Amino acid sequence: MGTCRICKKKAPEISSLLSVCGRCIRENFSKVKEFLEEIHIGIKKEEGISLKKQRESRLRCELCINNCCLQEGEISFCGLRKVEKNKLVGPNRNFANLEFYFDPLPTNCVASFCCAATGCGYPQFSYTSGDELGYKNLAVFFNGCSFNCLFCQNYHYRKRLQFNNLVSVDDLLEAIDSKTSCVCFFGGEPSCQIEFTIEFSRRAIEVRKNRILRICWETNGSFNPKFNEEILNILLESGGTIKFDLKFFSPELNLALCGKSNKQSYDNFSFFARNFYRRKNPPLVCVSTPIVSGYTDEREVEEIAQFVSQFDRSIPYSLLGFWPCFYLKDLPPTSKELMYTCYHKAKKFLDNVNIGNKHLLT
Numbered sequence: 001m002g003t004c005r006i007c008k009k010k011a012p013e014i015s016s017l018l019s020v021c022g023r024c025i026r027e028n029f030s031k032v033k034e035f036l037e038e039i040h041i042g043i044k045k046e047e048g049i050s051l052k053k054q055r056e057s058r059l060r061c062e063l064c065i066n067n068c069c070l071q072e073g074e075i076s077f078c079g080l081r082k083v084e085k086n087k088l089v090g091p092n093r094n095f096a097n098l099e100f101y102f103d104p105l106p107t108n109c110v111a112s113f114c115c116a117a118t119g120c121g122y123p124q125f126s127y128t129s130g131d132e133l134g135y136k137n138l139a140v141f142f143n144g145c146s147f148n149c150l151f152c153q154n155y156h157y158r159k160r161l162q163f164n165n166l167v168s169v170d171d172l173l174e175a176i177d178s179k180t181s182c183v184c185f186f187g188g189e190p191s192c193q194i195e196f197t198i199e200f201s202r203r204a205i206e207v208r209k210n211r212i213l214r215i216c217w218e219t220n221g222s223f224n225p226k227f228n229e230e231i232l233n234i235l236l237e238s239g240g241t242i243k244f245d246l247k248f249f250s251p252e253l254n255l256a257l258c259g260k261s262n263k264q265s266y267d268n269f270s271f272f273a274r275n276f277y278r279r280k281n282p283p284l285v286c287v288s289t290p291i292v293s294g295y296t297d298e299r300e301v302e303e304i305a306q307f308v309s310q311f312d313r314s315i316p317y318s319l320l321g322f323w324p325c326f327y328l329k330d331l332p333p334t335s336k337e338l339m340y341t342c343y344h345k346a347k348k349f350l351d352n353v354n355i356g357n358k359h360l361l362t
């Protein structure tokens, strides 16, 4: 339960931490911008990360939206890299800060309702004409993130950002066996270690060139656009899907709840959406949006769906139920009423709309 400092409305759907309602964030952002920025600065400070860095530093990381410029002893926004003796220390093309495990198919993937594991890619990209029972997904969880989402479902990764606990490309390749039909990069966020995902993907495809091995990304889309072509080629060759988690349409809401602009995310999504015609089945790209109570409303979903539809109405879109946690644990779970209202708004513009995490709806 919180009270909006602008309109004075009091409601369970207003975060006590933000103390601003979703409507006022959109319509009166200039009045709360500095206050909201300080919230994110404080959270990252608790993690030992300063957001007020000196920009004249010579050491720059250009993998994601943050373009961190670091000086001696400073830590990158994602928490993965630091400067030691005038060198940037941390993950690189050959080593990554990650964890991996196997999920039997079908799994709870964001694209589970439309991806090749349903059999829609058979026979070129799927082993079976239906669910790939007996096969499995190699789930690769990348620690670190380019955003600072206050509603993060996987926030526990923030305790696993050791600088010397890295997994090699070779280590990950050895995990692939004859029953591995797909690999999914998620997290956290793979954008912060995007070079590793590309290096691993190239080598994995080469190793399994005579067998099916789909490579997928689940991402907020904040990676450097210079990697778009390489990712696209891997997707087209392997039959994988890139799953964009477009959390909000409003730039103001994204800044308020995620600490970062969503412009680069939408620009990168647009690149892949323009190429959607090159493979619609299984889909080259899909979209998801968490329905965060009080902040993701029908207007947000309608605007996202309308934006996506300008490229192709058949791009899959999944609306995800939200469970209160991390810094927004005082919000209620997504209600069935809100979810189905959002669903019908999305269906006005898109043909393949899914509701995910139905078990969380109240």
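Our numbering numbers the first residue of the sequence shown as 1 and each following residue consecutively.
Just so it is clear, CB atoms sit at the ideal spot from N, CA and C, and this is done for glycine as well.
Everything numeric in this text was worked out from a predicted model, so none of it was measured.
Burial check for Arg278: the Cβ neighbour count within 10 Å stays below 16, so the residue is exposed.
Under the three-state reduction of DSSP output, Asn137 falls in the strand class. Annotated three-state conformation of Pro282 is coil, per DSSP. By alpha-carbon distance to Glu189, the top candidate from Ser238, Lys243, Cys286 and Lys82 is Lys243. With fewer than 16 other CB atoms across the displayed protein chains lying within 10 angstroms of its CB, Pro225 is exposed. Rounded to whole angstroms, the gap between the alpha carbons of Arg23 and Lys44 is 26 angstroms. In the same chain as Gly240, and ignoring 5 residues on each side of it, the C-beta atoms closer than 6 angstroms to its own belong to Arg214, Ile215 and Cys216, in chain order. In this structure, Val83 sits near Leu59, with a CB-CB distance shorter than 8 angstroms. In the displayed model, Ala116 falls within a helix according to three-state DSSP. If you compare the alpha carbons of Ala204, Arg202, His156 and Asp330 with that of Gly187, the shortest gap goes to His156.
Boundaries of the beta strand (DSSP E) around Val353: Val353 to Gly356. C-alpha of Gln124 to C-alpha of Thr107: approximately 20 angstroms in a straight line. Secondary structure within the region 263–329: the alpha helix (DSSP H) runs of 4 or more consecutive residues, fully enclosed, are 263–274 and 298–309 (chain order). Looking at the DSSP output, Ala11 bridges to Gly2.
Per DSSP, the continuous beta strand (DSSP E) segment holding Thr180 begins and ends at Thr180 to Gly187.
Here the alpha carbon of Cys120 sits roughly 39 angstroms from the alpha carbon of Asn67. The three-state reading of DSSP puts Val32 in helix, counting H, G and I together. With a threshold of 16 other beta carbon atoms within 10 Å, Ala11 falls short and is exposed.
Per the coordinates, the alpha-carbon of Glu298 lies some 5 angstroms from the alpha-carbon of Cys342.
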